[in-house]
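Numbering (the working numbering), first residue to last: 8 to 500. Glycine is no exception: its CB is placed at the ideal position from the N, C-alpha and C atoms. Everything below concerns the one structure shown next.
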RNA sequence: GGCGUCUUGGCCGAGUGGCUAGGCAAAGGUCUGCAAAACCUUGUACAGCGGUUCGAAUCCGCUAGACGCCUCCA
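Written out as structure tokens, the structure reads:
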């Protein structure tokens, strides 16, 4: 029996603001689409947080033995910097500034994106399609929308007719906006001439002569509208209706709203059952922005080379920090927060690394089965990683108590404890074990064992000057000795 | 201006009508030659003001503040 039959999860659905029981369209199979990055500059931490949230969701669904197809796109077609009918797209702009081809920009930052995600120990998605690889599919969708009467052509461009759509459907269903309000509140944009109404959005844009990224279409040489690629790729790989669509909160409107409209206008069906939105990452209480200097690159966290942090942090520490907040909460990235998480992370790892050396007893003083289910309950409740982590700390406490002799565990329970804590910590949360290791069998361990024995002799002889010298100098070298009831162990790092 | 979200103990951060979140920091204790680590104990928090209720941090209203979206953005 697959695990998902005994562990039922609830997902907060942005569509109705409720936690709902998750029931995939096809039992046992899950289709999940997440809006990926536009590759025109280095990934920033906010992107990382969003994708991390869905990495966890992907990992957990897989752990529950669902067959998951996870599609996360790369937006490599440039889109305009604003919604006016003129202006440069961001990739082209970057290309011009650096005097390179747009596709060089795309390549450079796609590689950067993958590198950073690898460093953070992300699982690759099942399919990672690109927008430029699906121009034909996008054109086909536009044709359909035109045929269905929800789009109009003007001067080689094609626009989605929001008012027309709203007559039979509801534009704003996801973001809870009313079209009337949008009309009243849309700012007048200069140079806007082609659209019938300001809230209409482009499906196809005719390219200006200097525009490099362009493709032929029935309407003009041009490029697709930003919202269209996700509709094209999600439909192609997951079908007209699929289970989960995710992205950052800031994409809810207009991007996801437009995706729904496009899909409905094409297939007359709601495309997605569960919409999920990851909340924003801010820094020191404010939005991250390059322009104000309130900004940090992922690599700077690993190197410590940024004025907002006081030291370098392991990727797993940054990951742990982010997972200590729920994905639907705004998270404030601060040095103090990182520092606190780092200590907690090492505490958890130290306990996990102790497990192999625990003594078992004929009875268990802790209910491991119950604890294990609490770990599942946390994740089943809309992927509540902070609560899961709290439970993992309880597990760490059990381990330490057993080591101290203030708790006991049977061999069977210890196996369950081990498999549960490592599965959740490494497979589901995607953390990596620290460099710290308890005594192993390598040369370093042998050498440290010799020093530990020398120190022991010195202590027996009450030569505390020598014993403390050994302890302190090892500490300086990054090796910490821990005196316990059953002798001395050590950790590195 | 419109729409929406949020405001929890020293800090971070869960929860949500009555029952300990957790981490970090702090205090006391056990252990130790001394430390460190670990373990035990300690905090009685939920922006303010009203209302609903037997009971609210949790529901409703108002006020204040923060943030997001409304224009590219994860």
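Original post:
Does the segment 200-210 come close enough to the segment 157-173 that 3 or more CB-CB pairs lie under 8 Å?
Top reply: yes
Subject >> residue 173 versus residue 310: straight-line alpha-carbon distance, rounded >> reply: 51 Å
Subject >> Residue burial classification, residue 460 (beta-carbon count within 10 angstroms, cutoff 16) >> reply: exposed
Original post:
What does residue 437 pair with, by DSSP beta-bridge criteria?
Top reply: DSSP output for residue 437 lists no bridge partner at all.
Original post:
What's the gap between the Cα of residue 195 and the Cα of residue 218?
Top reply: Note that residue 195 scores 48 on pLDDT, short of 50, meaning its location in the model is unreliable and no value can be drawn from it.
Original post:
In chain order, what residues of the same chain have a beta carbon less than 6 Å from the beta carbon of residue 142, not counting five sequence neighbours either side?
Top reply: 222
Original post:
Going by the CB atoms, is the gap between residue 473 and residue 484 shorter than 7 Å?
Top reply: no
Original post:
From what residue to what residue does the alpha helix (DSSP H) around residue 68 run?
Top reply: The continuous alpha helix (DSSP H) containing residue 68 extends over residues 52-70.
Subject >> Whole-Å CB distance - residue 531 paired with residue 78, under 8 Å assumed >> reply: Past the edges of the chain, shown from 8 to 500, lies residue 531, and the structure says nothing about it.
Subject >> Sequence ranges, alpha helix (DSSP H) only - wholly within the segment 329-369, length at least 4 >> reply: 342-361
Original post:
Counting only runs that start and end within the segment 217-297, where is the alpha helix (DSSP H) found for 4 or more residues in a row?
Top reply: 233-245, 264-274
Subject >> Residue from 452, 395, 109, 413 with nearest C-alpha to residue 368 >> reply: 413
Original post:
Since residue 167 sits in a beta bridge, which residues does DSSP pair it with?
Top reply: 158, 208
**OP:** Report the rounded CA-to-CA distance for residue 377 versus residue 403, giving the unit in angstroms.
**Re:** 15 Å
Original post:
Where residue 470 and residue 346 are concerned, what is the direct C-alpha to C-alpha distance, given to the nearest angstrom?
Top reply: 36 Å
**OP:** Can you grab the Cα-Cα spacing for the pair residue 18 / residue 26, in whole Å?
**Re:** 5 Å
Subject >> Nearest residue (CA-CA) to residue 487, options 493, 456, 98, 259 >> reply: 456
Subject >> Same chain, Cβ closer than 8 Å to residue 6, five either side skipped, listed in chain order >> reply: Any property of residue 6 remains undetermined from this structure, which presents the chain solely from 8 to 500.
Original post:
With a Cβ-Cβ cutoff of 7 Å, do residue 303 and residue 325 count as a contact?
Top reply: no
Subject >> Residue nearest to residue 287 in terms of C-alpha spacing, selected from 296, 281, 280, 387 >> reply: Here the closest residue by C-alpha is 296.
**OP:** Can you grab the Cα-Cα spacing for the pair residue 47 / residue 401, in whole Å?
**Re:** 43 Å
Subject >> For residue 17, the residue or residues it bridges with in DSSP >> reply: 28, 388, per the DSSP bridge assignment.
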